[in-house]
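Structure record follows, encoded as structure tokens.
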Amino acid sequence: MIKRIKDVFFLNTKNTSYILGITKTGHLEHLHYGRRVEPSENTATLFTRTRFALGNTISYDKENAAVNLEMMPLEMSGYGKGDIREPFIVVSHEDGCRTSDFIFNAAEILDEKSEMRSLPASYGKDVKELRITLLDRSYGDTLTLIYDVFEAEDVITKRAEYKNNKEKEVRLLRLMSSMVDFTESGYDFITFGGAWAREMNESHEIVTNGRSVISSMTGTSSNRANPFTMVARPGTTEEYGDCYGMNLIYSGNHYSCLEASTMGFSRFVTGVNPEGFSFKISEGEAFESPEAVMTYSEAGFRRLSKNMHDFVRRHIVRGEWKDALRPVLLNSWEAAYFDINEAKLLKLAKASKEVGIELFVMDDGWFKGRNDDTTSLGDWEYDRKKLPNGVKGLSEKIHDLGLQFGIWVEPEMINEKSDLYKKHPEWVLRHPENHHSEGRNQMILDLTRKDVREYIVQSMSKLFSSANINYVKWDMNRIVSDAYSSELGYDRQGEVYHRYVMGLYEVVKTLTEKYPRILFEGCASGGCRFDLGMLCYMSQIWASDNTDAISRATIQTGYSYGYPQSVMGCHVSACPNHQTLRNAPLETRFAVAAYGVLGYELNICELKKEELEAVKDQIVFYKLHRELFQYGDFYRIEKGERTAFSNNAFKWMVANEDGGIGMYLQGLAIPHNPFGSFKAVGLEPGKVYNFRNRRLKYNIKEFGDLINTVAPIHIKRDGVLHNLAAKVVKMDNEKEEALLPG
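Reading the sequence shown from the start, the letters are residues 36 to 777 in this note's numbering.
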């Protein structure tokens, strides 16, 4: 609901309110964001009242000497008029002046959400929209702030559009998507950073003075700095406390900052990273900022996450796979790496079918000359030595086995050793005369160019139409360096990063709409582009190249704050793990991967008989509860911390109206720590549930020499008798079963 009373706008969801108003000087003041407030005629008391300018602060003008923008919670802050906090917008005009003074010009309330022209955005029916247009009183430029209200999910989105109304060009140096001012400081700024193979590490900083920033300069949303952040009162828990979740529908360089001013205010801003950003805008042209997503919870992080999960599922993910159950897949990468051929892949596929796999994915190494990562990217023709019957022939044989077929591609990349580079060296994102730095022996195609975008669409269309392809893994295995486009002039190189992202969106939009039945999974060295922008086109994303179960427990916990498990690709891999060399039980690997879109990434052909039986049982169990795992409400009960109240355990649960499934995962073993408990959440109070565990059998070899504490004769570890006993004797796990109320 959106309602205007006098000069105050009330944006109400089911449980929250966002309130802003027009001051007597025409500026927009931020009045409230938090628990729901019913609209009232008594609006005057909501505004900040000032008597005079304090100390060496700045009076807005002579007629309003008491108005001090630094001492107000603002809805949008320009640059150069006394507010020295993080600005929302910075424009360099033709005369070199960067001062902006945007004041209220007009407002309208719409009964539907307007579309964006250049970037992906959320969607939905029954969405109310508020559009407020501000006018720069000195230069005549306009800035439109756009708010959309998603009542059921307690989500409000914000974005902005700047328009140049002058005859001369201007340079837009900064335009944020959202700004929220709080009248207190000392908030906990919670961010999720990391690196390749260790994404989404949760970090807390109490911001009492100065700025705390998380940002990306990789050309992607980045595994170093996911765009999802939270702002919370210190001490907020899963169940208690005020907290705000913020995200950005964008896949490029982004910037989020929480600033505590010396006046006791806090300001949060998020948007395109202004570092290196400069966009030339001619007369009549406009620039759109990405859409920012906000939610508030007074009941801790658990409700905040549910709001975000519901929003992503209902208003971000779209197409035929939006609500569909995702198939259990096997990916060939860790089973064979580049060393693949039709015979080897078919053997792997047959073994996969026998354990219940539904989708077989051929990863990297299938195209001409691709025996390592130094060659052939850009030449999307199959290798006739490896695939004598082509992708089509392999796909037909995979389907004849009763499996769906998927394929790996990396369309944005090119190797210097490729036919495409020989033909079009100018298509690379680099300065043509300067030294170029590569990543993973590859360069990046310049998606700011129309001919490059057309080539990618054409080559991928040819591939996707050549065979019965059900799934595509779209990868990007390096970050951006040498960001220079020969297509753009010297004075427009500050536009390269953003134009690349817009070009990417054009390409993936075209292909996903052309092939709606294909399940696209986004990937960028794992989680380097795990963001809402890509989820607007691809229904799931590979969460991390690290498939170690203990590492993944931390990574998936991080993602769970802002992203639902239905968009998270999670695989069971071999041990010792290929990234950490850690050994984890097969059941542990499955337990973690089940809380997402389940897949396997190991050589099924080399598994022992009892391992094959275990995988069969796992897949049967997952399929039986697949809807619950993928679309049930997810709860973090504990997250692997070692504190006075936690014993290093990860405890998760998914639940719906029929019941739930919980996981109790011990991290590092702790000696003499016999007690553990699992407190189920998400169940209906008073309703009686059958609480039981999975029935499992353990190989006695897992206990090593301990077998000699019960064996009548000495058994050598890994000897003949040990192996024989392991085949005959299996240990049952504990049996837990009880009827308990939720």
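Just so you know, even glycine gets a beta-carbon here, dropped at the ideal spot from N, CA and C. Predicted model, so just to flag it, every value in this text is computed and none were measured.
Asked                                                                                                                           : Found
Classification of R752 by the beta-carbon crowding that lies within 10 angstroms, buried from 16 upward                         : exposed
For T547, the first and last residue of its enclosing alpha helix (DSSP H)                                                      : 531 to 549
Limits of the alpha helix (DSSP H) - the one that S430 falls within                                                             : 425 to 435
Contact check, G529 vs R488, beta carbons under 9 Å                                                                             : no
At least three beta-carbon pairs within less than 8 Å, the region 744 to 763 to the region 702 to 714                           : no
Identity of the residue in Y182, R233, G631, V347 nearest D566 by Cα                                                            : V347
Spatially closest choice to G474 from E522, D408, C278, by CA coordinates                                                       : D408
Coarse secondary structure for T744, derived from DSSP in three states                                                          : helix
Residue ranges of each alpha helix (DSSP H) within the region 650 to 728, 4 or longer                                           : 661 to 666
Contacts around R564, its chain only, beta-carbon distance under 7 Å, and the 5 residues preceding and following it disregarded : T255, S256, S286, M511, G557
First and last residue of the uninterrupted alpha helix (DSSP H) at K201                                                        : Run containing K201: none; DSSP gives neither H nor E here.
C-alpha distance - G777 paired with E662, whole-angstrom precision                                                              : 21 Å
Bridge partners - R70, DSSP secondary structure assignment                                                                      : T51
Beta-carbon spacing of E323, S153 below 9 Å                                                                                     : yes
Where the beta strand (DSSP E) through F123 begins and ends                                                                     : Run containing F123: none; DSSP gives neither H nor E here.
Residue span of the beta strand (DSSP E) that contains R233, given as start and end                                             : 233 to 242
CA nearest to the CA of F656, picked from T545, A88, Y417, F625                                                                 : F625
Collapsed DSSP secondary structure at L647 in the structure displayed                                                           : helix
Where L89 falls: helix, strand or coil (DSSP)                                                                                   : coil
CA nearest to the CA of R349, picked from E188, N50, V507                                                                       : E188
Integer Cβ distance of L169 from F139, believed to fall under 8 Å                                                               : 6 Å
Contact set for S595: own chain, Cβ-Cβ below 7 Å, skip 5 residues either direction                                              : S340, F669, R671
Meets three-Cβ-pair contact criterion under 8 Å: the region 117 to 132 and the region 66 to 85                                  : no
S494 and W368 closer than 9 Å at C-beta                                                                                         : no
Backbone secondary structure at R39 - three-state DSSP                                                                          : strand
Start-to-end residues for the alpha helix (DSSP H) that takes in W861                                                           : With the chain covering only 36 through 777, there is no way to say anything about residue 861.
Residues sharing a beta bridge with V328, DSSP                                                                                  : T192, N282
Nearest candidate by alpha-carbon position, reference P446, set I433, K432, I93, L498                                           : L498
Residues near L412 by beta carbon distance below 7 Å, same chain, minus five either side                                        : E445, M448, I449, N450, S453, Q477
Element boundaries [alpha helix (DSSP H), containing F346]                                                                      : 335 to 350
CA-to-CA distance, N261 to G228, given in whole angstroms                                                                       : 6 Å
Check whether T582 and Q614 have beta carbons under 9 Å apart                                                                   : yes
8 Å Cβ shell around D277 - same chain, five flanking residues per side excluded                                                 : G69, A267, R268, T271, Y331, S332, E333
Proximity of Y540 and P155 at Cβ, strictly below 9 Å                                                                            : yes
Cα-Cα separation between D418 and F402, rounded to whole angstroms                                                              : 5 Å
Cutoff 6 Å; reference E772; Cβ partners in own chain excluding five residues on either side                                     : R727
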